[in-house]
Amino acid sequence: MSRKSRVRRWARGFRDRDTWAAYGFMTPWLIGFVVFLGGPMIISLVLSFTDYDGLRESSNVGFANYEQLLSDPKIRRSLANTVIYAIMIVPGTMIVALGLAMMLSRVGRRSAGVFRTLFYLPEVTPKVAVGVLFLMLFNGQVGLVNGALGLVGIDGPDWSTDPAWVKPGLALMHIWSVGGTVIIYLAALNNVPRDLYEAAELDGVSGWQRFRHITVPMISHALFFTLIVQTINALQTFDEAYAAFYGSSASATYSSDAALFYLVYLFQQAFQFLHMGYASAMAWLLFVVIMVITVIQIKVSKRFVHYEGGDR
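Numbered according to the working numbering, the sequence shown spans residues 8 to 319.
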């Protein structure tokens with residue numbers, strides 16, 4: 008097909024009523040993308056090369072903000088905290104959610120509906136409320152968690168003040184909100200063909216082998232999806248940590264950097280110290296880190312993710 012023919016065909020399609028209807032339905036999303044995502048990203052990229060405090064006119068500083076990122080010790084500290092936290096919560100969330108989903112797949116439909124609702128309730132809890140709840144549950148002296156541990160003779164740690172236990176405590180609070188992941192895994196488990204399990208049972212395959220060689224490969228696409236989403240969410244952790252340790256009432260009593268996650272430090276630079284240009288450079292560094300990790304996950308997944316039709 009010649010170039011002129013392709014142009015004429017495109018022009019006819021552009022004049023088609025259905026085409027205009029499609030553009031009409033897409034318009035709200037396009038406007039939202041430009042106003043709330045695409046536009047701010049471009050503005051932040053421009054600001055990352057400036058010295059801007061939000062009050063005075065910006066001045067161009069070239070790559071100075073990015074050079075400062077390399078020498079700022081708190082950048083390394085906050086990135087390390089964030090990565091360690093992600094390593095804790097991503098596999099933890101996936102394992103707990105898969106275990107709950109497998110239990111739900113074995114109960115009746117009515118009971119499963121009730122438990123799905125109960126498991127999903129923490130998902131709709133405001134993140135700031137979760138941060139406040141963390142301080143109540145994991146208080147080293149009067150918290151319910153240490154009180155429960157004391158009943159079985161275990162002396163619980165100071166979750167909210169000991170730097171070594173701050174991230175594990177926050178990770179436990181995060182894993183509490185696994186309802187959305189449970190529902191995704193439950194849907195994937197319900198789509199696994201039953202005849203595969205029946206054939207395996209007839210061959211005398213053990214439960215662990217059925218899980219390893221049937222369940223995991225058949226739901227690997229759901230596992231891969233949640234791995235990507237959970238990793239991105241973990242690297243953007245902010246609400247719970249800020250509400251628990253850097254809010255107006257908490258900041259005066261907590262001075263350790265154990266809960267200084269990357270977005271918390273970015274927020275401080277932007278809205279406490281008014282270093283908008285530097286904060287924009289931090290945002291783009293995080294964007295690059297997330298992109299690199301996501302690309303690596305996609306490349307590695309081709310060896311392990313099973314798709315219908317046998318493609319990998």
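Beta carbons are placed, not taken as given, at the ideal position from N, Cα and C, and that holds for glycine.
Exercise. Exposed or buried, Ala93, counting other C-beta atoms within 10 Å across all chains shown (16 or more means buried)?
Worked result: Taking all protein chains shown into account, Ala93 has 16 or more neighbouring C-beta atoms within 10 Å of its C-beta and is therefore buried.
Problem set entry | C-beta contact flag for Val199 and Val103 at 8 Å | no
For this session: Could you tell me whether the Cβ atoms of Glu130 and Gly176 are closer together than 8 Å?
Result: no
Exercise. Could you give the distance in angstroms between the alpha-carbon of Val135 and the alpha-carbon of Ala28?
Worked result: The alpha-carbon separation between Val135 and Ala28 amounts to approximately 41 Å.
For this session: Kindly give me the distance between the Cβ atoms of Ala265 and Val149, rounded to whole angstroms, as I take these residues to be in contact under 8 Å.
Result: That pair is no contact at about 21 Å.
Exercise. How should Val189 be labelled, buried or exposed, when 16 other C-beta atoms within 10 angstroms of its C-beta is the threshold for buried?
Worked result: buried
For this session: List the DSSP bridge partners of Thr57.
Result: Asn67
Problem set entry | Cα-Cα separation between Phe43 and Leu203, rounded to whole angstroms | One alpha carbon belongs to Phe43, the other to Leu203, and they sit about 47 Å apart.
For this session: Compute the distance between the beta-carbons of Ala251 and Gly147, then report whether it is under 8 Å.
Result: no
For this session: Return helix, strand or coil for Lys134, following the three-state DSSP convention.
Result: helix
Problem set entry | Three-pair Cβ contact test at 8 Å for the segment 203–219 versus the segment 287–305 | no
For this session: Apply the 10 Å Cβ neighbour rule to Ala155 and answer buried if 16 or more other Cβ atoms are within range, or exposed otherwise.
Result: exposed
Exercise. How long is the line joining the alpha carbons of Thr26 and Met33, rounded to whole angstroms?
Worked result: 11 Å
Problem set entry | Minimum C-alpha distance to Tyr272 - residue among Val296, Phe245, Gln216 and Ile297 | Phe245
For this session: Assign His181 to one of two classes, buried (16 or more other C-beta atoms within 10 Å of its C-beta) or exposed (fewer than that).
Result: Per the 10 Å Cβ criterion, buried.
For this session: Using three-state DSSP, classify Gln275 as helix, strand or coil.
Result: helix
Exercise. Helix, strand or coil for Leu62 per DSSP?
Worked result: coil
Problem set entry | Alpha-carbon to alpha-carbon, Leu111 and Phe122 | When rounded, the distance between both Cα atoms is 8 Å.
For this session: Specify whether the segment 45–57 and the segment 269–287 touch according to this definition: at least 3 beta carbon pairs, one from each stretch, less than 8 Å apart.
Result: yes
For this session: Would you kindly work out how many angstroms separate the C-alpha atoms of Ala229 and Gly106, rounded to a whole number?
Result: 14 Å
Exercise. If you run the structure through DSSP and keep just helix, strand and coil, what is Lys309?
Worked result: coil
Exercise. Using the beta-carbon count (16 or more within 10 Å), is Gln237 buried or exposed?
Worked result: Classification of Gln237: buried, given that the 10 Å Cβ count is 16 or more.
Exercise. For Trp166, does the count of other Cβ atoms within 10 angstroms reach 16, so buried, or fall short, so exposed?
Worked result: With 16 or more Cβ atoms within 10 Å of its Cβ, Trp166 is classed as buried.
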